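Peer 1: Below is the structure I would like to discuss, written out as structure tokens.
Residue numbers (my numbering): 254 to 396.
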């Protein structure tokens, strides 16, 4: 692998992290933050999940995910369901208001992204999405 390619990637990622906040919906218009969005998205698309599963998915401490999930629960976006196999554990499921807030937050992000990549072809958008997914999967499977 060429050193120049790695230097370019690391610099562009650092720049992306800096810019990504500009596509995050204004906190005044939403009760969600990025961590809440990711948890709600996971629960919505993958089904109910416990804090251990969510923590493993995002490479976070269980206490961090537990705190984030508790914040979502206090806002009425998720609720707890007891684990039938382990009565001490529970799963989070998304509520209707959680689904509404998730969709609203996602649409705000999509609209901002549209403006950034409006000159890109569908093929470029698909390729970029695939490469980002591949990169994220490398992180997810790094253990």
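For every residue, glycine included, the Cβ atom is placed at its ideal position computed from N, Cα and C.
Computed from a predicted structure; not experimentally measured.
Return the first residue and the last residue of the beta strand (DSSP E) that residue 333 is part of.
Peer 2: Within the chain shown, residue 333 is the residue found at index 80, counting from 1. Its beta strand (DSSP E) spans residues 331-335.
Peer 1: For residue 325, which residues from the same chain have a beta carbon less than 8 Å from its beta carbon, with the 5 sequence-adjacent residues on both sides left out?
Peer 2: Position 72 of the chain shown, counted from the first residue, corresponds to residue 325. 289, 292, 293, 331, 345 and 351.
Peer 1: Is there contact between the stretch 364-378 and the stretch 268-276, where contact requires at least three CB pairs shorter than 8 Å?
Peer 2: yes
Peer 1: When the distance is taken between beta carbons, is residue 296 closer than 8 Å to residue 347?
Peer 2: The residue you call residue 347 lines up with position 94 of the chain shown. The residue you call residue 296 lines up with position 43 of the chain shown. A contact, by the Cβ cut-off of 8 Å.
Peer 1: Excluding the 5 residues preceding and the 5 following residue 340 in the sequence, name in chain order all residues of the same chain whose CB lies nearer than 8 Å to its CB.
Peer 2: The count along the chain shown starts at 1 and reaches residue 340 at position 87. Result list for residue 340: empty, nothing under 8 Å.
Peer 1: Report, in whole angstroms, the separation of the C-beta atoms of residue 266 and residue 354, which I expect to be a contact under 8 Å.
Peer 2: Residue 266 sits at position 13 when you count from the first residue of the chain shown. Residue 354 sits at position 101 when you count from the first residue of the chain shown. 29 Å between Cβ atoms; not a contact.
Peer 1: Look at the alpha carbon of residue 359 and the alpha carbon of residue 287, and state the distance between them as a whole number of angstroms.
Peer 2: Counting from one through the chain shown, the residue named residue 359 turns up at place 106. Counting from one through the chain shown, the residue named residue 287 turns up at place 34. One C-alpha to the other measures close to 10 Å.
Peer 1: Please look up how many angstroms separate the CB atoms of residue 342 and residue 300, rounded, as I've assumed it's under 8 Å.
Peer 2: Counting from 1 along the chain shown, the entry for residue 342 is found at position 89. Counting from 1 along the chain shown, the entry for residue 300 is found at position 47. The pair is not a contact, with the Cβ atoms about 15 Å apart (cut-off 8 Å).
Peer 1: Please report the residue range of the beta strand (DSSP E) in which residue 346 lies.
Peer 2: Translated into the one-based positions of the chain shown, residue 346 becomes position 93. That run of the beta strand (DSSP E) goes 343-347.
Peer 1: Count the other CB atoms, across all protein chains shown, that sit within 10 Å of the CB of residue 263; report buried if there are 16 or more and exposed otherwise.
Peer 2: Your numbering for residue 263 matches position 10 in the chain shown. The C-beta of residue 263 has fewer than 16 other C-beta atoms within 10 Å across all chains shown, which makes the residue exposed.
Peer 1: Given this structure, state the Cα-to-Cα distance separating residue 268 from residue 319, to the nearest angstrom.
Peer 2: Residue mapping note: residue 268 aligns to position 15 of the chain shown, counting from 1. Residue mapping note: residue 319 aligns to position 66 of the chain shown, counting from 1. Spanning the two alpha carbons is a distance of roughly 30 Å.
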